[in-house]
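Asks: One structure coming up, written as structure tokens, with questions to follow.
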Amino acid sequence: MKKVFFVSLLFLFTGIQFMQAQNIHSKVDTKIFPEPKKGFTQFVIEVPFSSMEEDANKKIEIFVGKYQEVDTCNRHSLMGELQTKDLQGWGYNYYEFQSKGDVVGTLMGCGDNQKVSKFISSQGLLLNYNGRMPIVIYVPEGMVVHYKIYKAEPDTYQALQVLPTKK
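For the sequence shown, position 140 matches number 159 in my numbering, and the numbering has no gaps at all.
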């Protein structure tokens, strides 16, 4: 009888652990977002959900760019603007990158004149991390989307106050 009880308890515990592991938060279906306009491609970023408290300490930075042959000594940047758009009737946002594909860079003289294929990105857009929502981005064809996730420690620190000096 004790053996049956312990086996039953083991199965119950294992079942609970399995159900907790399967507790996956479903995200918003990306089919509600518009189809890409002609000449654009849709990208979706799905970040993992942890908890509301952990997500509050995270940020995500989006970069739109393209791979291009450039020299090794100059800094390059893709010109363009990442605009926030409203998904009418849903209360969600998506992003659209407007660019002609022009690249700007510093003009230092490179001694070796060596060229490399490099990801040339636009200025990043920093967003709040939300593991429940996909991030939908439309970019001109031939461009790609990269992103970084930043995580802050929960500790905060107090700055020192500077008192005015008496004159």
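We put the beta carbon where it would ideally sit given N, CA and C, even for glycine.
1) Check whether the Cβ atoms of GLN104 and TYR148 lie closer than 9 angstroms to each other.
2) Please state whether DSSP places ASP121 in a helix, a strand or coil.
3) Label TYR114 either buried or exposed according to how many other C-beta atoms from any shown protein chain fall within 10 Å of its C-beta, with 16 as the threshold for buried.
4) What span of residues does the beta strand (DSSP E) with ASP105 cover, start to end?
5) Looking only at its chain, what residues have a beta carbon closer than 7 angstroms to the beta carbon of LYS134, apart from the 5 residues adjacent to it on each side?
6) I'd like to check one pair, SER141 with LEU97: are the Cβ atoms closer than 9 angstroms?
7) Could you work out which residue in THR175, PRO183 and PRO53 is closest to TRP109 when comparing CA atoms only?
8) Evaluate the contact criterion for the stretch 151 to 166 versus the stretch 50 to 66: three or more CB pairs, one atom per stretch, below 8 angstroms.
9) Nearest to ILE64 by CA position, among VAL83, LYS56, SER70 and ASN76, is which residue?
10) If you follow the alpha helix (DSSP H) that ASP74 is in, where does it begin and where does it stop?
11) Go ahead and label GLY99 buried or exposed: buried means 16 or more other beta carbons lie within 10 angstroms of its beta carbon, across all protein chains shown.
12) Suppose the cutoff is 6 angstroms on Cβ atoms and the five residues either side in sequence are ignored; what does the same chain contact list for HIS95 look like?
13) Mark LEU101 as exposed unless 16 or more other C-beta atoms lie within 10 angstroms of its C-beta, in which case mark it buried.
14) Use the C-beta contact count for GLN36: other C-beta atoms within 10 angstroms, 16 or more gives buried, fewer gives exposed.
15) Please tell me whether TYR86 and SER136 are closer than 9 angstroms, where the distance is taken between their beta carbons.
Replies: From the atom records:
1) Along the sequence shown, one-based indexing puts residue 104 at 85. Along the sequence shown, one-based indexing puts residue 148 at 129. Before going on, a small fix: residue 104 reads as Lys here, not Gln. It is not a contact, given that the beta carbons lie outside the stated cut-off.
2) Position 102 of the sequence shown, counted from the first residue, corresponds to residue 121. If DSSP states are grouped into helix, strand and coil, ASP121 belongs with coil.
3) The sequence position of residue 114 within the sequence shown is 95, counting from 1. Classification for TYR114: buried.
4) Here residue 105 refers to the residue found at position 86 of the sequence shown. Where ASP105 is concerned, the enclosing beta strand (DSSP E) stretches over 100 to 106.
5) Position 115 of the sequence shown, counted from the first residue, corresponds to residue 134. If we look at LYS134 and ignore the five residues flanking it on each side, its Cβ neighbours are GLU88, VAL89 and ASP90.
6) Within the sequence shown, the letter at position 78 stands for residue 97. Within the sequence shown, the letter at position 122 stands for residue 141. Result yes, Cβ atoms of LEU97 and SER141 sit closer than 9 angstroms.
7) Translated into the one-based positions of the sequence shown, residue 109 becomes position 90. Across the set THR175, PRO183 and PRO53, the C-alpha of PRO53 shows the shortest separation from the C-alpha of TRP109.
8) yes
9) The residue given as residue 64 occupies position 45 in the sequence shown. When only C-alpha atoms are compared, the closest one is VAL83.
10) Stepping through the sequence shown from its first residue, residue 74 is reached at position 55. Start and end: 71 to 75.
11) As a working mapping, residue 99 is identified with position 80 in the sequence shown. Buried, by the Cβ-count rule.
12) Residue mapping note: residue 95 aligns to position 76 of the sequence shown, counting from 1. Hits under 6 angstroms: VAL89, VAL122, GLY124 and ILE139.
13) Locating residue 101 in the sequence shown gives position 82, counting from the first residue. Burial call: buried.
14) On the sequence shown, residue 36 is found 17 positions in, with the first residue counted as 1. Unreliable placement is indicated for GLN36, whose pLDDT of 46 sits below 50; the coordinate value is still reported in the next sentence. Classification for GLN36: exposed.
15) For this step, residue 86 is matched to residue 67 along the sequence shown. For this step, residue 136 is matched to residue 117 along the sequence shown. Yes; because the gap between Cβ atoms is below 9 angstroms, this pair is in contact.
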